[in-house]
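Residue numbers (the working numbering): 1 to 99.
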Amino acid sequence: KEKSSDYVIREMDIALPNGLKARISEKITYAPYRVKFQIIDHPIYRGHVDNLAEKISDHETQITYSLYWENKNTGEIVSNNDIVKNAVLKTADYILKSI
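This is the structure in structure tokens:
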């Protein structure tokens, strides 16, 4: 939706757990080895996801995903490992297809 030298704003259509669809937007900021996805508009959550890449060796990189989401209605902190696992698998699949 919007791109500058400091950030990208993207919108995505997602499927909610109840089967309905929603459009979300997020601001993506990046620095070497660090990417942050800050929720701008989401029907359920507020918060962000941090991705940190660290060189392990000449042939290995470790990527750490940190999810900081809060339910806007209940204040409950999200600790759903399946969300993070799916994000990691999608990222890995994208990387492998790009090689």
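Even for Gly, the Cβ is constructed at its ideal location relative to N, Cα and C. Small disclaimer: the values here were computed from a predicted structure and weren't measured.
For the alpha helix (DSSP H) holding residue i, just list the boundary residues, first then last.
i             : result
asparagine 51 : From DSSP, asparagine 51 is part of no alpha helix (DSSP H) but of the beta strand (DSSP E) over 45–57.
For the beta strand (DSSP E) that contains residue i, what are its first and last residues?
i             : result
asparagine 71 : 60–71
isoleucine 40 : 34–41
serine 25     : 21–31
isoleucine 77 : That residue, isoleucine 77, is in no beta strand (DSSP E); it is neither H nor E in DSSP.
aspartate 6   : Run containing aspartate 6: none; DSSP gives neither H nor E here.
Determine the burial state of residue i: buried for a count of at least 16 other Cβ atoms within 10 Å of its Cβ, exposed for fewer.
i            : result
glutamate 2  : exposed
glutamate 11 : exposed
For residue i and residue j, what's the separation of their Cα atoms in angstroms?
i             : j            : result
tyrosine 33   : threonine 61 : 10 Å
isoleucine 63 : threonine 74 : 30 Å
valine 35     : glutamate 76 : 24 Å
proline 43    : leucine 96   : 32 Å
lysine 27     : arginine 46  : 12 Å
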